[in-house]
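Just so we're aligned, residue 4 is where the sequence shown starts under my numbering, counting upward by one.
Glycine included, each C-beta is placed from N, C-alpha and C at the ideal position.
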Amino acid sequence: MPKARGYRYLVAARDDLSLAAEGRALKKASAHNLARFFWEEIICRYGAIGEVVTDNGSEVKGAFEEL
């Protein structure tokens, strides 16, 4: 993905039932930034999540420990 104003990463989430998608551009792929995205864009909008499927990257593991 080409850099734009310092944003290098894209985090995306999709609900398998409704196919609703959320995403955010990030300057740094850190656990804190992923946790913030998940909290603000997913949990605060849709409520508690029963199951989350990830790629098990180190940032993702740290993000869910932070939550």
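| field | For R17, three-class secondary structure by DSSP | value | strand
| message | Taking a contact to mean a Cβ-Cβ separation below 8 Å, would you say A28 touches R17 in this structure? | response | no
| request: Provide the residue span of the beta strand (DSSP E) that contains L29, from first to last. | output: 24-29
| query | Leaving out the 5 sequence neighbours to the left and right, which residues in its chain are closer than 6 Å to A34 when beta-carbon positions are compared? | reply | E62, G65, A66, E69
| N- and C-terminal bounds of the alpha helix (DSSP H) containing N59 | First-last for N59: undefined, no H or E at that position.
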